[in-house]
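Novice: What follows is a single structure, and I will ask about it in a moment.
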Amino acid sequence: MREVMALAAAVDGSSSFDSLRGMHQKLDDFYARGYLSTWCESVRPEWTLFLHEVFTKDIPTLLPSHHLKDSDQVGENAFAPTTTTTTTTTVSSKRVVDLGCGPSISNIISASAWSAHIVMCDVLTSNLAEIAKFRSASEDAFSWQHYFAFLSTFESSTSKVSRRGQEEDEGQEEEEERGENCNHLGTKVGPLLSPEDLEERTREAIQEICHCDISLPGCGLPERLVREGDLFEVGVASLVLDVVSTSEEMFRSALENVKGILKPHCGLLIIQGSLGESVYTVGSALFPVMNIDEQKLRQLFSEVGFEILKWQICQAQSQHYFGLLKVTGGTSKQMILKSRGGSRGEGDQ
Ligand SMILES: C[S@@+](CC[C@H](N)C(=O)[O-])C[C@H]1O[C@@H](n2cnc3c(N)ncnc32)[C@H](O)[C@@H]1O
173 MREVMALAAA
183 VDGSSSFDSL
193 RGMHQKLDDF
203 YARGYLSTWC
213 ESVRPEWTLF
223 LHEVFTKDIP
233 TLLPSHHLKD
243 SDQVGENAFA
253 PTTTTTTTTT
263 VSSKRVVDLG
273 CGPSISNIIS
283 ASAWSAHIVM
293 CDVLTSNLAE
303 IAKFRSASED
313 AFSWQHYFAF
323 LSTFESSTSK
333 VSRRGQEEDE
343 GQEEEEERGE
353 NCNHLGTKVG
363 PLLSPEDLEE
373 RTREAIQEIC
383 HCDISLPGCG
393 LPERLVREGD
403 LFEVGVASLV
413 LDVVSTSEEM
423 FRSALENVKG
433 ILKPHCGLLI
443 IQGSLGESVY
453 TVGSALFPVM
463 NIDEQKLRQL
473 FSEVGFEILK
483 WQICQAQSQH
493 YFGLLKVTGG
503 TSKQMILKSR
513 GGSRGEGDQ
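If you're matching positions, the sequence shown starts at 173 in our numbering and goes up one per residue.
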């Protein structure tokens, strides 16, 4: 009965970050396995292809491999970007963080084409344990073969990236011998990466698995990962911001926390969420999600300081939005200082 009342309170927007986090933590032992069997047994093709397009086409154009630093500006138009580079400073590497990753690596398979430094984080121990099992190729790890097989029909062997983040030519000749191939859309894509290559690339790209809490400034990430001047180039937040928050105020605050760990002016956020929904299921358990419409959501992105570069609505069992957003302001330093008890006004905005 108490759970039903808690859910009702969450759905009508009167819950807090603590109560929502508590609902997940209470079912931690069950959550990862329940989520994998409820949501990960088959490929979600629209979202998976959105991620593929973003990581293999949009992001390489928006954030080219030459050195960027926090003061760099990337142009407003995602498809004709202008980049003003004023730097001689090298950033560590192209880093991606998957916030609230759950027990799933499906959102970072395409990311590993662009980045060899991916941080996986979540609030639940059971989810992090599943990611660790995948990374160590443990025998009882969940099998993601269906995702690797699906995506391997879209990835050319030229996108192979090593742990050091360098393009690899090795073995290319051998792969070229595989000749022309067609993907699921019937498009010729040339020599392809094998599912095994994709799995290896994804596994190698996972550099950190750590706890986070998006309701906290800095997303509760370890300080060493969100150092001033070396924030994340790209964040992925799939089906998580509207799980962490059930009201506009909470969503705004969580989104500010996410913005605070992305590079000012050019950091990118790839986001998925639901529209007009109020609950999601994990097995027989029900969890609240924020019920919001598209117009209000777009307004929140703009208010917090994100520009929408790419947007897609997908109608499947429920209505989902997929977005590629760019940080427009420079509040990152300020947000992190706020979280660590530093004084206001030291930020660069
Ligand atoms: C619906 S699942 C999404 C999982 C995965 N991102 C995906 O796309 O399949 C929501 C995730 O948010 C996580 N979560 C809930 N509250 C959180 C918080 N305060 N901070 C970080 N993650 C949180 C849950 O543990 C769960 O893994």
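The beta carbon of each residue, even a glycine, is placed where N, CA and C say it ideally should be.
May I have the straight-line CA-CA distance separating residue 228 from residue 402, to the nearest angstrom?
Specialist: So the two alpha carbons sit approximately 23 Å from each other.
Novice: Let's test the definition: count the other Cβ atoms within 10 Å of the Cβ of residue 190 and tell me whether it reaches 16, buried, or not, exposed.
Specialist: So residue 190 ends up on the exposed side.
Novice: Among 421, 438, 462, which residue has its Cα nearest to the Cα of residue 412?
Specialist: The residue with the shortest Cα to Cα distance from residue 412 is 462.
Novice: Contact defined as beta carbons within less than 8 Å: I believe residue 271 pairs with residue 384. What is the distance between those atoms, to the nearest angstrom?
Specialist: Their Cβ separation, rounded to whole angstroms, is 6 Å, which keeps residue 271 and residue 384 in contact under 8 Å.
Novice: Taking the alpha helix (DSSP H) that residue 594 falls in, what are its first and last residues?
Specialist: The displayed coordinates of the chain run from 173 to 521. Any statement about residue 594 would go beyond what the structure contains.
Novice: On the criterion of 16 or more Cβ atoms from any shown chain inside 10 Å, does residue 468 qualify as buried, or is it exposed?
Specialist: With fewer than 16 Cβ atoms within 10 Å of its Cβ, residue 468 is classed as exposed.
Novice: Among 203, 464, 267, which residue has its Cα nearest to the Cα of residue 285?
Specialist: Per the Cα distances, 267.
Novice: Going by beta-carbon coordinates alone, are residue 442 and residue 406 separated by less than 8 Å?
Specialist: Yes. Within cutoff.
Novice: Mapping the DSSP letters down to three states, classify residue 391 as helix, strand or coil.
Specialist: It is helical.
Novice: Quick one: complete alpha helix (DSSP H) runs, 4+ long, within the segment 419 to 495?
Specialist: Counting only runs of 4 or more, we get 420 to 431, 466 to 476.
Novice: Do residue 478 and residue 431 have their C-beta atoms within less than 8 Å of each other?
Specialist: In this structure, residue 431 lies closer than 8 Å to residue 478 by Cβ.
Novice: For the putative contact between residue 300 and residue 328, defined by C-beta atoms under 8 Å, what is the C-beta separation to the nearest angstrom?
Specialist: Residue 300 to residue 328, Cβ: 32 Å. No contact.
Novice: I need the DSSP call for residue 260, collapsed to helix, strand or coil.
Specialist: At residue 260, the pLDDT of 32 sits below 50, so the modelled position is not reliable; the number obtained from the coordinates is stated separately. DSSP places residue 260 in coil when its eight states are reduced to three.
Novice: Rounded to a whole number of angstroms, what is the C-alpha to C-alpha distance between residue 459 and residue 490?
Specialist: Going by the C-alpha atoms only, they are around 15 Å apart.
Novice: Nearest to residue 225 by CA position, among 282, 269, 215, is which residue?
Specialist: Out of 282, 269, 215, 282 has the C-alpha closest to the C-alpha of residue 225.
Novice: From which residue to which residue does the beta strand (DSSP E) around residue 409 run?
Specialist: Residue 409 -> beta strand (DSSP E) spans 406 to 410.
Novice: Who are the Cβ neighbours of residue 235 in its own chain at under 6 Å, not counting the five residues just before and after it?
Specialist: Once the five neighbours on either side are set aside, the close Cβ partners of residue 235 are 405.
Novice: Can you give me the C-alpha to C-alpha distance between residue 484 and residue 495, rounded to a whole angstrom?
Specialist: Cα-Cα distance, rounded: 6 Å.
Novice: Got a sec, what are the start and stop residues for the beta strand (DSSP E) residue 290 sits in?
Specialist: Run containing residue 290: 289 to 294, per the beta strand (DSSP E) assignment.
Novice: Exposed or buried, what is residue 399 when buried is set at 16 or more other beta-carbons lying within 10 Å of its beta-carbon?
Specialist: Exposed, since its Cβ has fewer than 16 Cβ neighbours within 10 Å.
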